[in-house]
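Report on one structure; see the data block that follows.
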Amino acid sequence: MAATKKSASAKKAAPAKKAAAPAPKKYFTNKIELPPNGVFIGSGVYPHTNDGSGAIYCGGHCFSYWVSPDAPPYKDIVELCKKDNQGNLLQFWAKNDILWDLMQEAKKSDLYSVAFYADAPEETSKKFKELGKHYLGYDFGERFSMGLYAGSTNVDRDMTEEQAQNASLQDAADIFMKKVKDWVDNRHERDWGLVMATSANYYIDYEVAAGVEVPCTEDFPFGNLTLASALNRGLYRSFNLPIWGSHLAHEWYSYLPHKNPHKMDTLKTSMYLKYMTGAKMIINESGNWALQSSLCEDSPMQTMPRASDRLNNPGGYTI
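Note that the numbering used here has the sequence shown beginning at 21, numbered continuously upward.
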């Protein structure tokens, strides 16, 4: 009887079993299959529309496009890129159904797609997996770069001025990584696949640590292309990433005027350099029917009147 009571007492004292941890959420992760030539190479594609679907333009006292209003319609872009041998990869700056339509057309032409600065309802993004190997993923660009230094006291919008002034570097890092992780998790949950970052900064490692799977440094504004390669190679090995790449913002940031005979030589050389250092994705930001060379003296954009210079006055417009 005593033994029975002891057993009952021991049973009563036994710690309660911990509840099983919830199963991790499953989401679509596309697998990178390198093409026969061993590298994805292509250019940015801007849908030339004025319906909010992805056209890039600036407004002010007068109106101007980054791209010509008489550029070919977006429905013809994929065919033109194929015909003009723009590479095997197209980086679409588009959203919603136009993005989906363009990526389907790219697959029909045996071209690979990356969605850049893109958005679409979940019912659309859930279809991306149907593209198979031709869909490489989503790149949030410089989403977490542009506003990093906005304001002289703010580390986070929810902080008071006093909290911001007393914040540590660790606080800043934690806040930054949480923002990146929340964004990456949201895109994963909506089946956007691999998440990439095009950042011209030294803290792209924080973006990768927060969940980014493909670093694709914006080269040229990142002044030393070889250092950028070294950084990405290290991240590739440390985090066991699928690939790493280079986004060549050559027309914007080479600064060479078009009359310089070496203007395009720098682009060609940079492509060879990135390839030889191991980049498996090389994208020319302004490679087909778009012009972004406003930072050189003989750019056609320099002939337009300007309400203000966005580079000197971040609160203004460059038009």
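Ideal Cβ placement from N, Cα and C applies to all residues, glycine included.
Predicted, not measured: the structure shown is a model, and the values here were computed from it.
Residue range 301-304 is occupied by the beta strand (DSSP E) that includes residue 304.
Fewer than three Cβ pairs drawn from the region 179-189 and the region 127-143 lie within less than 8 Å of each other, which leaves the two stretches out of contact.
Looking at the backbone, the Cα of residue 55 and that of residue 177 are separated by about 44 Å.
Shortest Cα-Cα distance from residue 215 to any of 222, 163, 318, 196 involves 163.
Under the DSSP assignment, residue 98 falls in the alpha helix (DSSP H) whose first and last residues are 94-103. Here residue 273 carries a helix assignment [DSSP, helix/strand/coil]. With respect to the C-alpha of residue 268, the residue from 260, 259, 262, 244 having the closest C-alpha is 244. Bounds of the alpha helix (DSSP H) holding residue 204 are 189-209. The beta carbons of residue 120 and residue 140 sit about 7 Å from each other, so the pair counts as a contact at 8 Å. Taking C-beta atoms as the reference points, residue 240 and residue 274 count as a pair closer than 8 Å. DSSP, reduced to helix, strand and coil, places residue 135 within a strand of the structure shown. Contact annotation, residue 52 with residue 262: C-beta distance approximately 4 Å; criterion of less than 8 Å satisfied. Under the three-state reduction of DSSP, residue 266 is assigned to strand. In this structure, DSSP gives residue 242 an extended state, which the three-state scheme calls strand. Between residue 211 and residue 149, the C-beta spacing is below 8 Å. One thing to note: residue 157 has its Cβ within 8 Å of the Cβ of residue 213.
The DSSP-derived three-state label of residue 218 is coil. For residue 111, the enclosing beta strand (DSSP E) starts and ends at 109-112. Residue state for residue 66 is assigned as coil, using DSSP reduced to three classes.
Counting only the Cα atoms, residue 146 lies some 25 Å from residue 303. Of all alpha-carbon atoms in 197, 183, 96, the one lying nearest the alpha-carbon of residue 223 is that of 197. Residue 49 is bridged by DSSP to nothing; it lacks a bridge partner. Counting along the chain, residue 155 sits inside the beta strand (DSSP E) bounded by residues 155-159. Listed in chain order, the non-local C-beta contacts of residue 255 below 8 Å within the same chain comprise 224, 225, 228, 235, 261, 264, local neighbours out to five positions each way being set aside. Scanning its chain for C-beta atoms nearer than 8 Å, with the 5 sequence neighbours on each side dropped, one finds around residue 58 the residues 300, in chain order. Taking the C-beta atoms as reference points, residue 165 is found no nearer than 8 Å to residue 106.
Beta-bridge pairing by DSSP links residue 234 to 216. When the beta-carbon positions are compared, residue 270 and residue 286 come within less than 8 Å of each other. Between the C-alpha atoms of residue 318 and residue 280 there is a straight-line separation of about 10 Å.
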